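Residue numbers (numbering that gives the first Met the number 0), protein chains in the order written: chain B, 0 to 422; chain V, 0 to 165.
Here a beta-carbon is modelled for each residue, glycine too, at the ideal position from N, C-alpha and C.
Note that the structure is a prediction, hence the values are computed from the model and not measured.
Read the structure below first, then the notes.
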Amino acid sequence: MGMTLAERILAKAAGRQEVSAGEFVVADIDLALLHDIFAAQVFDMLGEVGVDRVSDPDKVVVVIDHLVPAPSAEAAALHQRIRKHVARAGIKAFYDAGEGICHQLLPERGHVRPGMLIVGTDSHTTTYGALGAGGTGIGTSDMVYALATGRLWFRVPETVRFEMFGELAPWVSWKDVILHLAGRFGADAAQYRAMEFGGPAVKSADMSSRLTVANMAVEMGAKFGLFAADEITDAYLRDHGGVGAEPFGPDQDADYEAVHEILLSALPPQVAMPHEVDRVGSIVDVEGLRIDQAFIGSCTNGRIEDLRVAADVLRGKQIASGVRLLVVPASRRVLQEALDSGVLATLVDAGASVLPPGCGPCFGGHGGLLAPGERCIGTHNRNFVGRMGSTDAEIYLGSPATVAASALAGHLADPRHLEVTNA
Amino acid sequence: MPEDRFAGRVWGFDDDINTDALSPGQYAVDPVEVRKLHVLESVNPSFASEVAQGDVIVAGRNFGCGSSRETAVENLKALGVACVVAESFGRIFMRNAIALGLPVVVCAGIRGVFEDGDRIEVDLATGRIVNVGSGSELRGDALPAEMLEILEAGGILAVLRKQRGG
Ligand code: SF4
């Protein structure tokens, strides 16, 4: 019997010829990710268990991204502790405050390769599936075990495959596709399972789009959200780390729990409505709702491709008065590229505030929180009650085009209605 | 150290109980003695004060969905919850429960056959679940030997200590 992508990844990590869904394996971890919310705690716990060194410091990446720049003396002290731990543990891959969001940095700086097994103390570790790597979130105790031994147990997941056909309409993006899937199948549709994205339409999905989709696979409960590695992956790797990769995908005769065929051609822009990621509808149904804030950023949609779309919408125009538009590049490199290409100037001319690379207001750490009764639309991935400040605020999620169009209009707006003045 | 079989009093909860409800963000950095007082207060305000050692949570779908925060599990353990049986769990919550030594069982149809205050019997190794009052019996997913081993050791860090000869 052939293997799914998830099975191939776990078989390789477990040093086995073959594994199949339902089995338990003890697998070697290729990469472990820690960020500033949990890193200090994990290192402290290692000490408490009596482990004085991590099994392989070259397989650990530590990123300070959630609370940047430090919003309080406590956060600053936390960062200080992390820097000390990192130096003592001999971890070279350390990205300090201002470099960017972990899930942007790992692919961008060449840490992720197809077939790797990657764990992180963050649920959106699924993002690395965009490059054909098995990325998944774990808790701090599991991370302590993984760092101490270099291994961790896994149940080989069943896989649900999504075959994508057709072409996206203008101003409709892969963010709309993944929101649509969450709405149609539900927040626990892929619970304990791997999602595999394939079919002819993914051939036209660039790496940025794939990262968006894999990032949000966890919003459907998935353990992994996987794309096969192909020419697009190969080209991305050459651009971000030097060495290309061979194709890496599932076997032709792999066994799937379900296969869903999705036609993209007629899809309108989608929005997730308060307060669940799977409460999704067409922008057409909510158009006109007044907004106070628009947010373009996060590990879901803070890349240069996303900022470019926003600039295309906003070029030569002004955002509506009474609306705050926050732009948070996902990394310093994204910021640099936006600066060099003129994208940043376009956004600032239109009235955007640009925040330093990092998580920004995505999880309510600081920098752009909401007051009671306020409404925000953002390009991020979660709209739970209280996620961005007040528990009485409303969060809508949409694509960069939809968010930019809404900032322009002052209310939720359909980007397809824009007259575009492309420079 | 949890046993493979136990009996307890039931607290019922519906679908999609998330980690924010189990470990409210505003008490995130407080010690567990403080955190445990606020467990599920947005859903059932009397739970944290009235739950007793050995009680069992019976829940609907997607229990523990949301973030990777381990305090969601830690808080339940601190309150004495012996086991959680649910239609399904958030994946990371389930991992964390095993990692911290809190028994969890997936059992389709469980929410419909238990009310608050019922007595439940759970056998982790076979997945057999009984409502002592009504006599109805369900078959949940038996926990695989690998997970049972970690639970019996008292969690993944206990396993680690043992492996290191500590
Ligand atoms: S950008 Fe948001 S979702 Fe992504 S890692 Fe940061 S807080 Fe989490």
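Assuming contact is defined by CB atoms lying nearer than 8 Å, are residue i and residue j in contact in what I supplied?
i	j	result
Cys64/V	Asp15/V	yes
Arg150/B	Asp27/B	yes
Leu21/V	Val38/V	yes
Val333/B	Val155/B	no
Val347/B	Ala310/B	no
Ala88/B	His78/B	no
Ala319/B	Ala406/B	yes
Val84/V	Ile155/V	no
Leu167/B	His110/B	no
Ile290/B	Arg374/B	yes
Gln103/B	Arg302/B	yes
Ile117/B	Gly99/B	no
Leu325/B	Leu369/B	no
Pro457/B	Ile295/B	For chain B, the structure presents residues 0 to 422; residue 457/B sits outside this window and is missing.
Asn61/V	Val31/V	no
Asp88/V	Val103/V	Sequence check: residue 88/V is Phe here, not Asp. Yes. Within cutoff.
Pro249/B	Met2/B	yes
Glu286/B	Leu411/B	yes
Tyr191/B	Arg138/V	no
Leu186/V	Asp3/V	This structure cannot settle anything about residue 186/V, because the visible part of chain V is limited to 0 through 165.
Ser208/B	Trp173/B	yes
Arg160/V	Val48/B	yes
Asp252/B	Gly243/B	no
Trp170/B	Arg415/B	yes
Ile90/B	Pro56/B	yes
Glu393/B	Pro273/B	yes
Pro356/B	Gly97/B	yes
Less than 6 Å between C-beta atoms, sequence neighbours within five positions excluded: which residues of the same chain meet that for residue i?
i	result
Asn95/V	Glu69, Val72
His379/B	Ser297, Thr299, Cys361
Asp187/B	Gly220
Gln269/B	Asp175, Leu178, His179, Val279
Leu147/V	none
Ala13/B	Val24, Ala26
Asp95/B	Ile63
Gln292/B	Arg323, Cys375
Ser67/V	Ile91
Ser389/B	Leu369, Ala370, Pro371
Leu306/B	Ala337, Val342
State the CB to CB distance for the pair residue i and residue j, rounded to an integer number of angstroms; the pair is presumed to be in contact (CB under 8 Å).
i	j	result
Arg160/B	Val258/B	5 Å
Asp277/B	Gly182/B	6 Å
Asp19/V	Phe383/B	6 Å
Ala191/V	Gly53/V	Limits of chain V in this structure are 0 at one end and 165 at the other, which puts residue 191/V out of reach.
Ala271/B	Leu396/B	4 Å
Gly350/B	Gln317/B	6 Å
Glu120/V	Ala107/V	Glu120/V to Ala107/V, Cβ: 18 Å. No contact.
Val57/V	Ile109/V	6 Å
Ala38/B	Val61/B	6 Å
Glu162/B	Glu260/B	5 Å
Give me, in chain order, the residues of the same chain whose beta-carbon lies closer than 8 Å to that of residue i; leave out the 5 immediate sequence neighbours on both sides.
i	result
Pro106/B	Thr126, Tyr127, Ala129, Leu130, Met206, Leu210, Tyr235, His239
Val41/B	Leu33, Thr120, Thr139, Met142, Val143, Leu146
Gly100/V	Met0, Pro1, Lys76, Ile149, Leu150, Ala152, Gly153, Gly154, Ala157
Arg118/V	Ala6, Gly7, Arg8, Val9, Asn130, Val131, Gly132
Asn421/B	In this predicted model, Asn421/B has a pLDDT of only 46, less than 50, meaning its place in the structure is not dependable; the value taken from the coordinates is given anyway. So the list reads Asp311, Arg314, once near-sequence residues are dropped.
Leu241/B	It is worth fixing the name first, because residue 241/B is Gly in this sequence and not Leu. Counting only Cβ-Cβ distances below 8 Å, and skipping sequence neighbours, we find Gly109.
Ala72/B	none
With a CB to CB cut of under 7 Å and the five nearest residues on each side skipped, what residues in its chain are close to residue i?
i	result
Leu262/B	Phe164, Gly165
Thr345/B	Ala310, Leu313, Arg314
Gln162/V	none
Leu417/B	Val312, Ala404
Ala75/B	Ala69
Glu22/B	Val155
Leu36/V	Ala47
Thr125/V	Ala141
Any chance the CB of residue i is under 7 Å from a heavy atom of ligand 2?
i	result
Phe93/B	For ligand 2, the structure offers nothing, since it holds only ligand 1.
Query raised in the report: Can you list, in chain order, the stretches of the beta strand (DSSP E) that have 3 or more residues and sit fully within the region 71-131 of chain V?
Result: 82-85, 103-105, 118-122, 127-130
Requested in this report: Please go through the region 347-404 of chain B and give each complete beta strand (DSSP E) segment of 3 or more residues, from N-terminal end onward.
Outcome: Contiguous beta strand (DSSP E) elements confined to the region 347-404 of chain B occur at 351-353, 374-377, 393-396, taking only those with 3 or more residues.
Query raised in the report: On the three-pair Cβ rule with 8 Å, is the region 190-200 of chain B touching the region 323-331 of chain B?
Result: The region 190-200 of chain B, when compared against the region 323-331 of chain B, does not touch it at the 8 Å Cβ threshold.
Requested in this report: Say whether the region 241-256 of chain B touches the region 357-371 of chain B, bearing in mind that this needs 3 or more beta-carbon pairs closer than 8 Å, one atom from each stretch.
Outcome: no
Report task. Give, in chain order, every unbroken run of the alpha helix (DSSP H) that is at least 4 residues long and sits entirely within the region 188-258 of chain B. Result -> 206-215, 230-238
Query raised in the report: Is the number of C-beta pairs between the region 223-230 of chain B and the region 3-23 of chain B that are closer than 8 Å three or more?
Result: Touching, yes, given that three or more Cβ pairs across the two stretches are closer than 8 Å.
**Report entry** beta strand (DSSP E) runs contained entirely in the region 39-109 of chain B, provided each spans 3 or more residues
**Finding:** 59-62, 92-94
Query - Length-filtered (3 minimum) beta strand (DSSP E) runs lying within the region 264-346 of chain B - result: As summarised for the region 264-346 of chain B, the continuous beta strand (DSSP E) elements at least 3 residues long and confined to that stretch are 269-271, 279-281, 292-295, 323-326, given in chain order.
Requested in this report: Taking only runs that begin and end inside the region 113-194 of chain B, name each unbroken alpha helix (DSSP H) of 4 or more residues, in chain order.
Outcome: 139-148, 173-184
**Report entry** Unbroken stretches of the alpha helix (DSSP H), 4 residues or longer, contained in the region 14-45 of chain V
**Finding:** 18-21, 31-34
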